Amino acid sequence: MKRLHRLILRMLPGPFFGWLGLLMFLLVMQFLIRYLPDLAGKGLPPGVIVELIAYNLAYMVVLAVPMSVLLAALMTFGRLAETNAYAVIKNAGISLPQLLWPAALIALMLTGGMWYFNNEVLPEANFRARNLWQDIRRKQPGFELQAGVFYDGLKGYSILVQHIPPGSNELEDVIVYDYTEGARRRTVVKAAHGRIIPAPSGTSVDLVLEDGEMHRLLEAPSMVDEDRYEWLAFERHRLRLDLSDFVFERSDPNDGFRSDRTMRTAEMIRHVDSLEQTLAAQRRTLMTLSLRLAADSLLAAERDAEPLLPRHRDALVVTNPASFVLAGLDEVQYEQVYASAMQQARNSRAEIDNTRRSLQWAAQRADRYRVEIHKKYSIAVACLIFMLIGAPLGLSIRRGGLGTVGALAVGIFLFYWITLVQGEKLADRGLLTPWVGMWAANIVMALVGLWLLLYVTLDLHATPPLRRRLFGKADK
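For the sequence shown, the numbering used here begins at 4 and goes up steadily by one.
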């Protein structure tokens with residue numbers, strides 16, 4: 004038995020790490036293809052791009068590890084079935100649960116590691132990746148001139164270069180439109196040659212123009228004066244262009260608002276407790292406002308009606324009930340009192356609606372935190388469930404290449420992930436409780452795994468189908 008356990012423990016790591024590396028490579032490539040347009044042309048240092056990829060590796064690990072467990076289980080136990088080793092093991096009286104428990108122990112250790120990763124590493128990586136993305140999006144594209152294309156990336160300038168020799172900073176047939184002094188003092192500079200000289204600091208660049216002329220139209224300040232036109236020829240003219248807006252600036256990585264996906268479990272529990280206290284206070288406020296709505300309207304009607312009544316109140320038989328008070332008013336006075344009462348009711352109703360909206364927002368926010376808490380656990384437990392599914396399924400398929408194993412794993416994982424994502428959306432909207440939304444996929448997959456385990460352990464595939472056993476004689 005110990006030799007079998009050691010055999011299983013030797014066979015699992017190879018497929019697991021092999022598939023993990025392949026899946027991580029594919030996810031990194033998918034990330035680069037998706038976000039490369041946002042990174043291209045920004046002039047970012049290579050270290051920033053590497054840092055961005057490193058932060059996003061965290062969510063890739065969350066996707067790749069459970070699927071690698073499933074693939075490793077399929078391949079390891081499928082190899083046992085393909086070489087008839089499992090048939091020998093079964094004939095020796097060793098059941099699948101006895102054979103499976105070392106692999107289940109490894110999956111349990113991975114579950115603990117993934118929970119720690121989801122709770123400690125993933126939130127911080129998401130937080131830093133989001134802050135870095137914000138810094139990247141704030142940065143303007145780098146200063147880059149293209150032949151035959153107007154460059155308008157510099158504030159106050161528009162530059163056209165007809166020809167740029169490859170691999171050099173030399174320019175030919177340059178036109179610069181200078182708007183730095185305003186539209187009324189526009190300057191046009193034309194030069195036959197030019198070159199770009201970057202400053203050592205990187206915050207500016209000198210555009211040196213040669214053999215050119217400068218044209219400037221100065222519009223008259225009033226209708227009485229005439230416009231002025233200036234023309235100047237030069238052999239050499241230098242323009243200093245400010246590139247400070249193109250410099251990549253990093254914000255403090257610890258600053259910024261943390262959402263539910265950038266918080267640890269303990270932080271989200273504190274937020275849920277705070278929101279629960281807010282919800283309790285708002286429910287009490289809503290109850291008080293609802294009870295006060297009718298009373299405020301009735302008292303306002305009585306208060307506004309009393310000054311309009313006759314002075315001889317003794318002539319009235321009953322003076323207290325509001326209905327009789329209103330009966331003593333004429334039509335105009337009644338409309339005034341009615342309008343005042345309606346306004347009071349509208350104000351109270353608006354306050355109630357605002358409280359209800361605040362109550363709904365706080366409840367949804369608390370549910371989002373609960374969903375994220377359950378999600379950290381449910382994804383970690385998926386490692387154990389996928390081992391429970393992969394082992395009996397690998398023994399059942401017997402012969403199957405990488406294509407069969409890969410197709411099965413992708414199908415199972417897609418079903419699990421789609422169910423998990425849809426459960427998360429329904430729970431965020433309040434249509435499902437957080438634990439149901441985040442554990443439904445695990446429960447379904449666990450039931451499938453238990454059925455497969457019984458199917459292989461009891462050797463159900465060797466028994467005749469139920470229909471043939473029940474109706475076999477009738478079919479004959």
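Glycine residues also receive a C-beta, built at the ideal position from the N, C-alpha and C atoms.
Note that the structure is a prediction, hence the values are computed from the model and not measured.
- Assigned with DSSP and collapsed to three states, Q425 falls in helix.
- The beta carbon of R373 is closer than 6 Å to those of P437 in its chain, skipping five residues each way along the sequence.
- Look at the beta carbons and you see the segment 377-394 touching the segment 62-75: at least three pairs across the two are nearer than 8 Å.
- Taken atom to atom, the span from the alpha-carbon of G156 to that of Q137 is near 20 Å.
- In the structure shown, S247 adopts helical secondary structure according to DSSP, grouped into three states.
- Residue ranges of uninterrupted alpha helix (DSSP H) with 4 or more members, entirely inside the segment 75-117 and ordered along the chain, are 88-94.
- Counting the other Cβ atoms within 10 Å of the Cβ of R6 gives fewer than 16, which makes it exposed.
- DSSP lists V164 as the bridge partner or partners of A150.
- In the three-state DSSP reduction, A202 falls in the coil class, being neither helix nor strand.
- With a beta-carbon spacing of about 5 Å, M390 and A76 fall inside the 8 Å limit used to define contacts.
- Distance from the CA atom of Y380 to the CA atom of W22, rounded to whole angstroms, is 23 Å.
- Note that the C-beta distance between L235 and L210 is not below 8 Å.
- Straight-line measurement puts the Cα of A444 at about 19 Å from the Cα of A107.
- Annotated three-state conformation of K193 is strand, per DSSP.
- P40 has its alpha-carbon roughly 60 Å from the corresponding atom of A95.
- Contact check for D263 against E375 passes: the beta carbons are separated by less than 8 Å.
- By the criterion of a C-beta distance shorter than 8 Å, T288 is surrounded in its chain by T358, once the five residues flanking it on both sides are discounted.
- For D41, the uninterrupted alpha helix (DSSP H) run begins and ends at P16 to L42, by DSSP.
- Boundaries of the beta strand (DSSP E) around V211: S207 to L221.
- Counting C-beta atoms within 10 angstroms of its own C-beta, P168 has fewer than 16 neighbours from the protein chains shown and is therefore classed as exposed.
- Annotated as distal: T114 and L15, with beta-carbon spacing of 8 Å or more.
- With distances taken between CA atoms, P18 lies nearest to L73 out of L73, M112 and P49.
- Under the three-state reduction of DSSP output, R273 falls in the helix class.
- At a Cβ-Cβ threshold of 8 Å, D181 and Y154 do not count as neighbours.
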